[in-house]
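In terms of numbering that gives the first Met the number 0, the sequence shown opens at residue 0 and continues consecutively. Presented below is the structure to which this report refers.
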Amino acid sequence: MMKQMLSQVFVLIAAIGLLTTGCEKILGTMNDFIYSTSFEKYESMDAWEQGASAEYKSDAPTGGGNRSLYVSGGCVVPHMILDMGKVKSDNLYSVSFFGKVLANGGFVQLYAEVSDSEKVLLGSIQLTEMDWKEYLLQSSTPVPVGYNLKIEMSAGGFIAGGMIIDLLEVNELK
């Protein structure tokens, strides 16, 4: 009798939680992320082309942990590249992240690549805010099957620049 009553109370509490919080926040959405990182020490940078030499800053937005990815460099761009691997279906993708400019702004670009000479730009965002701001980049066209999905980040060049990125999430939009 007591076990039955406890299980009924649990079901009631769970139902109230789903209704007040929203099913999407608890159970996820149809567009669950395919890549997510907040650049903490325990997180791998293996998918990043310059991951072994990545630099970090002890600055993060609310909910972002203790550090963020520092993007800056000289004339050779891009400064950081995330390679998501070959695309298996021609869907749209979104990239969300928090960014903060330290000097002279920067760019985050989403593109598909089949070779160094054949790239399809899917979208680009210029970072301009000196305070943490959430950004959303959505592909403007479906990614061709067999192409590699990549995210490029650049800040600086002929004129010194820098930005920090945190809470990066890539979603496949179905």
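Using N, Cα and C, we set each Cβ at its ideal position, and we do this for glycine too. Note that the coordinates shown come from a computational prediction; the quantities given were computed from them, not determined experimentally.
query                                                                                          : result
Contacting residues, own chain, Cβ-Cβ under 8 Å from Y34 (five flanking each side not counted) : A46, L81, M83, L167, E168, V169
DSSP-derived helix/strand/coil call for G155                                                   : strand
Straight-line Cα distance separating G72 from I124                                             : 18 Å
Inter-residue Cα distance where the pair is A53 and D165                                       : 13 Å
Beta-carbon proximity check, V100 vs M152, cutoff 8 Å                                          : no
Assumed close pair Y146, V86 - CB separation to whole angstroms, cut-off 8 Å                   : 6 Å
Assigned secondary structure, T102 (DSSP; H/G/I helix, E/B strand, else coil)                  : First, the amino acid is wrong: residue 102 is Ala here, not Thr. Of the three classes helix, strand and coil, the one that applies to A102 here is strand, per DSSP.
Nearest candidate by alpha-carbon position, reference N90, set H78, L109, P141                 : P141
Proximal residues to G63 (C-beta, below 6 Å), its chain only, five neighbours per side dropped : S37, D165, L166
Spatially closest choice to A159 from Y92, N103, K40, by CA coordinates                        : N103
A51 to S67 span [Cα, whole Å]                                                                  : 15 Å
A78 versus G155: straight-line alpha-carbon distance, rounded                                  : A small fix is needed here, since residue 78 is His in this sequence, not Ala. Their Cα atoms are separated by approximately 9 Å.
Cβ shell of K149 (< 7 Å), same chain only, five flanking positions each side left out          : I80, L81, D82, M83, Y110, E112
CB of A134 within 8 Å of CB of G105, strictly                                                  : Looking at the sequence shown, residue 134 is not Ala but Tyr. Result no, Cβ atoms of Y134 and G105 do not sit closer than 8 Å.
With 16 other Cβ atoms within 10 Å as the buried cut-off, status of F96                        : buried
Between the CA atoms of G122 and Y55 - distance to the nearest angstrom                        : 25 Å
CB contact flag (S88, L136, <8 Å)                                                              : no
Buried or exposed (CB count within 10 angstroms, at least 16 for buried), S139                 : exposed
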